[in-house]
Amino acid sequence: MVVEPRVKDFICTTAHPVGCAENVKKQIEYIKSKGKVEGAKKVLVIGASTGYGLASRIAVAFGYGADTLGVMFEKESNGRRTATAGFYNTRAFEEEAHKAGLYAKSINGDAFSLEVKQQVIDTIKSDMGKIDMIVYSLAAPRRTTPDGTKYTSVLKTVGSEYTNKTLLLKDNSIAEAHISAANEEEINATIKVMGGEDWIDWMQALTDAGVLADEVTTVAYSYIGPKITFPIYAEGSIGMAKKDVYKSCDIINERFSNIKAKVAINKALVTQSSSAIPVVPLYITLLYKEMKAKGLHEGCIEQMQRLFMDKILDDSKVDENGFIRMDDWEMRDDIQEVVAKKWDEVTTENVAELADIDGYWEEFYQMFGFKIDGVDYSADVDIM
Ligand code: NAI
Numbered sequence: 121m122v123v124e125p126r127v128k129d130f131i132c133t134t135a136h137p138v139g140c141a142e143n144v145k146k147q148i149e150y151i152k153s154k155g156k157v158e159g160a161k162k163v164l165v166i167g168a169s170t171g172y173g174l175a176s177r178i179a180v181a182f183g184y185g186a187d188t189l190g191v192m193f194e195k196e197s198n199g200r201r202t203a204t205a206g207f208y209n210t211r212a213f214e215e216e217a218h219k220a221g222l223y224a225k226s227i228n229g230d231a232f233s234l235e236v237k238q239q240v241i242d243t244i245k246s247d248m249g250k251i252d253m254i255v256y257s258l259a260a261p262r263r264t265t266p267d268g269t270k271y272t273s274v275l276k277t278v279g280s281e282y283t284n285k286t287l288l289l290k291d292n293s294i295a296e297a298h299i300s301a302a303n304e305e306e307i308n309a310t311i312k313v314m315g316g317e318d319w320i321d322w323m324q325a326l327t328d329a330g331v332l333a334d335e336v337t338t339v340a341y342s343y344i345g346p347k348i349t350f351p352i353y354a355e356g357s358i359g360m361a362k363k364d365v366y367k368s369c370d371i372i373n374e375r376f377s378n379i380k381a382k383v384a385i386n387k388a389l390v391t392q393s394s395s396a397i398p399v400v401p402l403y404i405t406l407l408y409k410e411m412k413a414k415g416l417h418e419g420c421i422e423q424m425q426r427l428f429m430d431k432i433l434d435d436s437k438v439d440e441n442g443f444i445r446m447d448d449w450e451m452r453d454d455i456q457e458v459v460a461k462k463w464d465e466v467t468t469e470n471v472a473e474l475a476d477i478d479g480y481w482e483e484f485y486q487m488f489g490f491k492i493d494g495v496d497y498s499a500d501v502d503i504m
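According to this note's numbering, the residues represented by the sequence shown are 121 to 504, in order.
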């Protein structure tokens, strides 16, 4: 069939298999162009199919030459609907990795479940021996814990409600977003889903199964950002979950003598998860405009190239809290001053001029395999 984008709110409900494959190939080419370094040899990536996790997997496979096992939660095609982008991305990644002589397998299932943890352990035992790196890059809306309790995360403020500008993605206009304050139950649920408990559970399960090498590095991702987004991000319900990730990082470092746990604070980027957060897409469009003007813009793959080929390999490349700062360029004073000024000025009338709306949408469509150079979108493709 001919696959076209079908955008609904902040999600595209179709994905283009050829475009997704092309996207993955381009990311691989980027990593290859930067050369190889000595790093981990066998890597488990949890949340490996899109965004930062996919870019991490590509970086370690083609930058270290690592064998990779990926975990993701994606939908296959049923013959009428396309599969999700992460499904096509993963298939393309595996094909390219195999061509390069690298081991690559993926497990499509719920990373929070005991069953998927066991499948991962069995696969490591039968195929890989022991692993020496775990990337934890889950972004999930809900979690069922092993006792059957279901938790749903919320994107709300903590304390008092908050109003600020937002970009309405349906027509690129500027409106006011009113974000209500999360109650205690919602905050706790968000911590359960996006906090660090499951990261610790993974380390425990892998340790108990005896599938970890003598020296292991694990990394989880977070975001801090500027004051404009504090109420909805760093000081909002998701921020509470991220604080739990920081605590969990310390717990892992204390509890497991062979594991070095790190947190990387990444740059704000268009991904399926970030598009869903109110206020943040407007900030991203203003940020992109300024970072592109200064030649500092990076996507997921450029960020992960810098992380894995450089910063994660050197324990001294951390801030005073021990965080790896991949948002170093985003948070530069000269960037943030311009973004803050434009934030005050931006309206529906001038947003196309002040913000990188086109760049936002380009990256948005590309996440689903659309608007990629060299792909014939009028051609029939096999969506299976
Ligand atoms: P994403 O939505 O692109 O990727 C999420 C991944 O998690 C996908 O591979 C998906 O299949 C997988 N996943 C979701 N639920 C799952 C489940 N139950 N079981 C197995 N796999 C599951 O998200 P993104 O943006 O790459 O986020 C990854 C991490 O990076 C998150 O911790 C996020 O907070 C963090 N981060 C994101 C930033 C951004 O601007 N996008 C900035 C800084 C940090």
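Note that the Cβ used here is the ideal one computed from N, Cα and C, for glycine as well.
Compute the distance between the beta-carbons of residue i and residue j, then report whether it is under 9 angstroms.
| i | j | result |
| --- | --- | --- |
| Leu189 | Val240 | yes |
| Ala181 | Ile251 | no |
| Val255 | Gly167 | yes |
| Asn386 | Leu326 | no |
| Met253 | Lys162 | yes |
| Ser280 | Leu287 | no |
| Met323 | Ala259 | no |
| Gly489 | Ala224 | no |
| Ala499 | Ile444 | no |
| Val331 | Ile244 | yes |
| Cys420 | Gly171 | yes |
| Trp463 | Ile455 | no |
Residue i: beta carbon under 8 angstroms from a heavy atom of the ligand NAI?
| i | result |
| --- | --- |
| Phe232 | yes |
| Tyr485 | no |
| Tyr343 | yes |
| Thr468 | no |
| Thr170 | yes |
| Met360 | no |
| Cys420 | yes |
| Met411 | no |
| Met192 | yes |
| Thr391 | yes |
| Ala203 | no |
| Ala160 | no |
| Gly229 | yes |
| Arg263 | yes |
| Ser394 | yes |
| Ser280 | no |
| Ala388 | yes |
| Gly415 | no |
| Ala259 | yes |
So who's on the other strand from residue i, going by DSSP bridges?
| i | result |
| --- | --- |
| Asp187 | Lys162 |
| Ser342 | Ile385 |
| Met514 | A question about residue 514 goes unanswered here, because the residues of the chain that appear run from 121 up to 504. |
| Ile299 | Tyr282 |
| Tyr485 | In the DSSP output, where bridge partners are listed per residue, Tyr485 has none listed. |
| Lys270 | Thr264 |
| Arg66 | In the structure displayed, the chain extends from 121 to 504; residue 66 sits before or after that span and is not available. |
| Thr468 | Answer is none; Thr468 lacks a bridge partner. |
| Met253 | Val163, Thr337 |
| Leu288 | Ser293 |
| Val127 | Cys132 |
| Thr277 | Ala301 |
Between the Cα of residue i and those of the options, spot the shortest distance and give me the residue it belongs to.
| i | options | result |
| --- | --- | --- |
| Lys412 | Leu474, Ser377, Asp370 | Leu474 |
| Gln425 | Met504, Ile178, Val336 | Ile178 |
| Ile311 | Thr337, Pro261, Gly268, Glu142 | Pro261 |
| Ile352 | Ala396, Asp364, Gly173 | Ala396 |
| Asp447 | Tyr223, Trp463, Val336, Tyr343 | Tyr343 |
| Ala309 | Glu335, Ile358, Asp267, Trp319 | Ile358 |
| Trp481 | Val123, Met121, Val122, Phe130 | Phe130 |
| Lys195 | Ala186, Arg211, Gly185 | Arg211 |
| Lys380 | Val336, Gly139, Lys347, Asp439 | Val336 |
| Ala220 | Met487, Ala186, Thr283, Gly173 | Ala186 |
| Ala329 | Glu317, Met451, Leu234, Asp435 | Leu234 |
| Glu149 | Thr264, Gly183, Ala361 | Gly183 |
| Gln423 | Asn378, Pro137, Ser176, Asp493 | Ser176 |
Would you report the Cα separation of residue i and residue j, rounded to the nearest angstrom?
| i | j | result |
| --- | --- | --- |
| Glu304 | Ser273 | 12 angstroms |
| His298 | Leu402 | 15 angstroms |
| Ser393 | Val399 | 13 angstroms |
| Lys128 | Lys461 | 31 angstroms |
| Tyr208 | Thr349 | 32 angstroms |
| Ile477 | Glu296 | 18 angstroms |
| Phe213 | Glu465 | 42 angstroms |
| Glu215 | Met192 | 17 angstroms |
| Ile371 | Gly442 | 14 angstroms |
| Lys382 | Val339 | 5 angstroms |
| His218 | Thr204 | 22 angstroms |
| Gly159 | Glu306 | 40 angstroms |
| Glu410 | Thr269 | 44 angstroms |
| Thr133 | Val459 | 31 angstroms |
| Leu289 | Thr405 | 11 angstroms |
Taking 9 angstroms as the CB-CB limit, is residue i close to chain C?
| i | result |
| --- | --- |
| Ala396 | Going by chain labels, chain C is absent from the structure shown, which holds only one protein chain. |
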